[in-house]
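If you count the sequence shown from 1, position 12 lands on 12 in this note's numbering, and the numbers rise without skipping.
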Amino acid sequence: MSDDAFGTLMASIDPPLIVLTTAAEGERAGCLVGFHAQSSISPQHYCVWLSKANHTYRVALRSAHFAVHFLTDQDAATAERFGTLSGEDTDKFAGLDFELDPHGVPLLGACPHRMSLERIAVLDDGSDHVCITTQVSSASAPGSFEPLRVSDATHLVPGHSSEERAIQP
Numbered sequence: 001m002s003d004d005a006f007g008t009l010m011a012s013i014d015p016p017l018i019v020l021t022t023a024a025e026g027e028r029a030g031c032l033v034g035f036h037a038q039s040s041i042s043p044q045h046y047c048v049w050l051s052k053a054n055h056t057y058r059v060a061l062r063s064a065h066f067a068v069h070f071l072t073d074q075d076a077a078t079a080e081r082f083g084t085l086s087g088e089d090t091d092k093f094a095g096l097d098f099e100l101d102p103h104g105v106p107l108l109g110a111c112p113h114r115m116s117l118e119r120i121a122v123l124d125d126g127s128d129h130v131c132i133t134t135q136v137s138s139a140s141a142p143g144s145f146e147p148l149r150v151s152d153a154t155h156l157v158p159g160h161s162s163e164e165r166a167i168q169p
């Protein structure tokens, strides 16, 4: 398989970006995600793939609840915050308007296009990301929007490289 062909195909689909937030045992986490998709119509399921290199992955392993915040083309600063800072040494939520849902998951006030999710399963196939399969608990869509896409964030330098691997707790 050609890495160039795969890269061309993936760049051509240019998926929207989201911020996933979660919490476990009082520890908040969130990260910018480019790998995510609806995975069932009925029941409503959604999958999110998290990098094993980041702090959110380790918190997500201990969490059953998540929020997916769909970023608009006006949310570049949010993408930068959650995509370039590491939660290991930075409180990504400091100074942000957010509230906690009944499960302690942060809901970003600036990102009203979102879903609350409950974990069904985690699939780890040995690659650099894990797939978290979830059931949608609720959704909020105050109107249509233009999504912030992967191509809009190519200048961002991730808080961790994809070659890094977190040690599983």
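Beta carbons are placed, not taken as given, at the ideal position from N, Cα and C, and that holds for glycine.
On a predicted model such as this, the values are computed, not experimentally measured, just so you know.
Three-state secondary structure (DSSP) of Leu-32
strand
Please confirm whether Arg-119 and Phe-70 have their CB atoms less than 8 Å apart.
no
In its own chain, which residues sit with a C-beta less than 6 Å from the C-beta of His-36, not counting the 5 before and 5 after it?
Ile-18 and Val-48
Cβ shell of Thr-134 (< 8 Å), same chain only, five flanking positions each side left out:
His-45, Tyr-46, Cys-47, Val-48, Phe-66, Leu-117, Glu-118, Arg-119 and Ile-120
Coarse secondary structure for Ile-120, derived from DSSP in three states:
strand
Below 8 Å, can you find three or more Cβ-Cβ pairs linking the segment 147-156 to the segment 74-92?
yes
At a cut of 8 Å, does the segment 86-94 reach the segment 125-143 through at least three beta carbon pairs?
no
Buried or exposed (CB count within 10 angstroms, at least 16 for buried), Ile-13:
exposed
Please report the residue range of the beta strand (DSSP E) in which Val-59 lies.
Premise fails: Val-59 lies in the alpha helix (DSSP H), 55-60, not in any beta strand (DSSP E).
For a quick check, are the C-beta atoms of Thr-56 and Gly-87 less than 8 Å apart?
yes
Within the segment 42-96, ranges of the beta strand (DSSP E) (whole runs, at least 3 residues):
45-51 and 65-70
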